[in-house]
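The opening residue of the sequence shown carries number 2 in the working numbering; numbering runs sequentially from there.
Built from N, CA and C at the ideal position, the CB exists for glycine as well.
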Amino acid sequence: MKVGIISFAHGHAYAYANALTQLDGVELVGIADEDKERGEKVAAQFNTKHYIDYEALLDQPIEAVVITSENSNHHQHVIAAAKKGKHVLCEKPIAATTEAAKEMIAVCKENNVLLQTAFPVRFSTPVIKAKKIIESGELGNIIAIKGTNRGTNPGDWFVDRSKSGGGAVIDHTVHVVDIIRWYLGAEVKEVYAEIGNLTSDYDIDDCGILTMEFDNNVFATLDCSWSRNANYPTWGDVTLEIVATNGTLTVDAFAQKVDVYSKNGAQWDYWGDNMNDDLVADFITSVREGKSPSITGEDGLKALEVAIAAYQSAEKNEPIAIA
C-alpha cells in the first residue's frame, strides 16, 4: 500500500512516519510540507520524496494519507484528500471548529473514503485492559470518573489561536473525552469549565478543569492543563480514576516505565507498547480490508464538541448543554 503524509507541523508526524516504514507492504511515497527546510530534512530521514504542494502529493498513486498539519489546516487537507479518493488518518483534534469537522466528515462520506481520527491512547494496554474490566461487569455501575491529561506547553503554532483553535483545553480535552465515551458508550450532555492562563507568558489558555455530565448520568472531571515544566521526566500523562458501585479502577496510560534517578534528575525509561504504531497499523488494516475505522470522524467531532463547549462555559461562567 502506498501512503503519504501531509505536514510535519505536529510532532506526532515523526512517530506515524516511523510506524509506516515498519509495516510490511506499506510504502511511504512522499511527504508534503510547505516548510521546505523541514520537509527536505524529514524526507531524507525517512528515505522518501518531499513535495512543497500537498496537491502534488495527492496526485501520486497513493491509497491513503496521514494528516498532521496545524489544527486549522486539517479541514482543507482532509477535504482535498477525500476529493481525490484518498483514505485519511487525521491528527487530533479533528479540526479547530465543529463546523469544519462536520464538513470534513460529510465530504469523506460523499467520496467513499475512510476518515479515522488519531486517538492513539485507545491502543494503550492499560486503557484496553480497563475497558475489558468495565465490560465484564466486575465494577458494577460506573458513578463518576476523574481524568487527567497534563502536559508540557508545546509552544510554536500550538499557542497561536488562529492555527490551533485554542490552547491546552482543545489540545488535551479530546483524548480523555474519547476514552470516557468509549468506556461508557454515552455522550456528554453538559459541560462546566474553568479555564485560565496561569503557567506561561503566552496569551492562550494553559490550564483548564472540566466537569462533564453524560447522558447516562455519570459525572466526570478532567484536568487538561499544560502544567508540566521542562524538568518533568516526560511530556505529560493520561490517567483515569473510575468510581463504580463495586469498587474503583485506576488507569495510567503511560505507567509501562522504569523511574531512573541520576545526577541529571529524574527520567523515565519507557519499556511499554507503542500506541502510535498500533494506531497506524489499525488504520492501514481498515483501509486494506475496506472496513469502517475503529475511531471515526464522528468520534473526533464528539470529543471536539466538548472542548468547544468548555470554552463557551468558561466565557459565560455557566454550564453549557451539548445538543
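Item to check | Three or more C-beta pairs below 8 Å linking the stretch 196-205 and the stretch 119-128 | outcome: no
Item to check | Minimum C-alpha distance to K303 - residue among A14, K84, A97 and V43 | outcome: A97
Checklist entry - Residue range of the alpha helix (DSSP H) that E214 falls in? => result Counting along the chain, E214 falls outside any alpha helix (DSSP H), though it belongs to the beta strand (DSSP E) covering C208 to F215.
Next on the checklist: If contact is defined by three or more beta carbon pairs under 8 Å, each pair taking one atom from either stretch, is the stretch 223-239 in contact with the stretch 104-113?
Outcome noted: no
Checklist entry - How should N74 be labelled, buried or exposed, when 16 other C-beta atoms within 10 angstroms of its C-beta is the threshold for buried? => result buried
Checklist entry - Can you round the beta-carbon distance between I7 and L90 to whole angstroms, since I take them to be within the 8 Å contact cut? => result Contact doesn't hold; Cβ gap of about 10 Å is too wide.
Checklist entry - Which value, in whole angstroms, describes the spacing of the CA atoms of E92 and K264? => result 37 Å
Checklist entry - Given that a residue counts as buried once 16 or more other Cβ atoms are within 10 Å of its Cβ, and exposed if not, what is I171? => result buried
Checklist entry - Is the number of C-beta pairs between the stretch 22-32 and the stretch 46-62 that are closer than 8 Å three or more? => result yes
Item to check | Supposed contact pair T174 and V307 - C-beta distance, whole angstroms, cut 8 Å | outcome: 6 Å
Checklist entry - Looking only at its own chain, which residues have a Cβ that is under 8 Å from the Cβ of Y15, when we skip the five neighbours before and after it? => result F9 and V43
Item to check | Runs of beta strand (DSSP E) lying entirely within the stretch 136-166, each at least 3 residues, in chain order | outcome: 143-149
Checklist entry - According to the Cβ coordinates, are P320 and E191 closer than 8 Å? => result yes
Next on the checklist: In the DSSP output, which residue or residues are listed as bridge partners for A65?
Outcome noted: V4 and H88
Checklist entry - Once you ignore the five residues that flank A145 on each side, which residues in its own chain have a CB closer than 6 Å to its CB? => result F220 and V244
Checklist entry - When you compare only the Cα positions, how much space is there between M2 and T297? => result 21 Å
Next on the checklist: Give me the residue from K37, Q77, I285 and A310 with the minimum Cα distance to A324.
Outcome noted: A310
Checklist entry - Helix or strand or just coil, what does DSSP make of K190? => result strand
Item to check | Alpha-carbon to alpha-carbon, T153 and A231 | outcome: 7 Å
Checklist entry - Taking Cβ positions, are G168 and L241 nearer each other than 8 Å? => result no
Item to check | Given T246 as reference, the closest of E35, A18 and E139 once Cα atoms are compared | outcome: E139
Checklist entry - What separation, rounded to the nearest whole angstrom, lies between the Cα atoms of I68 and D161? => result 19 Å
Next on the checklist: Rounding to the nearest angstrom, what Cα-Cα distance links E56 and A322 in this structure?
Outcome noted: 39 Å
Checklist entry - In chain order, which continuous runs of the beta strand (DSSP E) of length 3 or greater are located wholly inside the stretch 8-66? => result 28-33 and 50-52
Checklist entry - Buried or exposed: V128, going by 16 or more other Cβ atoms within 10 Å of its Cβ? => result buried
Item to check | Span separating the alpha-carbon of L21 from that of K317 | outcome: 44 Å
Item to check | Rounded Cβ spacing between A187 and N150 (contact assumed at less than 8 Å) | outcome: Their Cβ separation, rounded to whole angstroms, is 19 Å, which puts A187 and N150 out of contact at 8 Å.
Next on the checklist: Applying the 10 Å Cβ sphere with the 16-neighbour rule, what's the burial state of A267?
Outcome noted: exposed
Next on the checklist: I need the DSSP call for V261, collapsed to helix, strand or coil.
Outcome noted: strand
Checklist entry - What first and last residue would you give for the alpha helix (DSSP H) that runs through T246? => result Where T246 is concerned, there is no enclosing alpha helix (DSSP H), given that its DSSP letter is neither H nor E.
Item to check | DSSP three-state assignment for D253, whether helix, strand or coil | outcome: strand
Checklist entry - How long is the line joining the alpha carbons of D204 and G26, rounded to whole angstroms? => result 45 Å
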